[in-house]
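Trainee: Got a structure for you, questions after.
Residue numbers (mature numbering (1 follows the signal peptide of the UniProt record, and there is no 0)): -18 to -1, 1 to 123.
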């Protein structure tokens, strides 16, 4: 009985430590996954990547929620054609990651093609064993 109790305690402590802190290498792949999901209009991936209380700020001043972004992609108000990241800097601190990028973005907004060069700031949080985007803001360069 004592061995079972010791085994359970060791297993439980390993499970807690394995899932409490994010793997530092995974944030880059999540950032790439977000770009791919935006380009593909993949609402399932976007809903998984976005925190329920996320704010998504555009360079034109729009501030969108999780449902706004997904709905606007689905109904064609916004269509991402290309997201070419030219610079990326990632800082991880505990359960949070801050990503700064420069990107050339081709997008169609209300059937009008637009090309913008952006500085983008993303804030990610480690939640339920994966990163979720809690805030994003871009400005034109």
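The beta carbon of each residue, even a glycine, is placed where N, CA and C say it ideally should be.
Just so it is clear, the structure is predicted and the values come from calculations on it, not from any experiment.
1) Quick one: Cα of residue 84 to Cα of residue 98, how far?
2) Can you tell me whether residue 11 is helix, strand or coil according to DSSP?
3) Hey, would you say residue 87 sits closer than 9 Å to residue 66, going by beta carbons?
4) According to the neighbour-count rule (16 or more other Cβ atoms, all chains shown, within 10 Å of its Cβ), is residue -9 buried or exposed?
5) Give the straight-line distance between the Cα atoms of residue 89 and residue 60, rounded to the nearest whole angstrom.
6) If we count Cβ pairs, one from each stretch, closer than 8 Å, do we get three or more for the stretch 33 to 43 versus the stretch 67 to 75?
7) Can the beta-carbon of residue 107 be found less than 9 Å from the beta-carbon of residue 77?
8) When the Cα atoms are used, what is the spatial distance from residue 82 to residue 41?
9) Do residue 55 and residue 92 have their CB atoms nearer than 9 Å?
10) In its own chain, which residues sit with a C-beta less than 8 Å from the C-beta of residue 45, not counting the 5 before and 5 after it?
11) Return the CA-CA distance between residue 21 and residue 63, expressed in angstroms with no decimal places.
12) Can you tell which of 109, 114, 103 and 122 has its C-alpha closest to the C-alpha of residue 96?
Mentor: Taking the structure as given:
1) Distance from the CA of residue 84 to the CA of residue 98, rounded to the nearest whole angstrom, comes to 11 Å.
2) If DSSP states are grouped into helix, strand and coil, residue 11 belongs with the helices.
3) Yes; because the gap between Cβ atoms is below 9 Å, this pair is in contact.
4) Annotation note: pLDDT 48 at residue -9 (below 50); position unreliable, coordinate value reported separately. Residue -9 is exposed by the Cβ-count criterion.
5) In a straight line, the C-alpha of residue 89 is about 7 Å away from that of residue 60.
6) Counting Cβ pairs under 8 Å, fewer than three are found: no touch.
7) Their beta carbons are under 9 Å apart, which means residue 107 touches residue 77 by this criterion.
8) So the alpha carbons of these two residues sit roughly 14 Å apart.
9) Not in contact: residue 55 and residue 92 (Cβ atoms no closer than 9 Å).
10) For residue 45, the CB contacts under 8 Å within the same chain, skipping 5 residues up- and downstream, are 37, 38 and 39 in chain order.
11) In a straight line, the C-alpha of residue 21 is about 6 Å away from that of residue 63.
12) Of the candidates 109, 114, 103 and 122, the one whose C-alpha sits nearest the C-alpha of residue 96 is 122.
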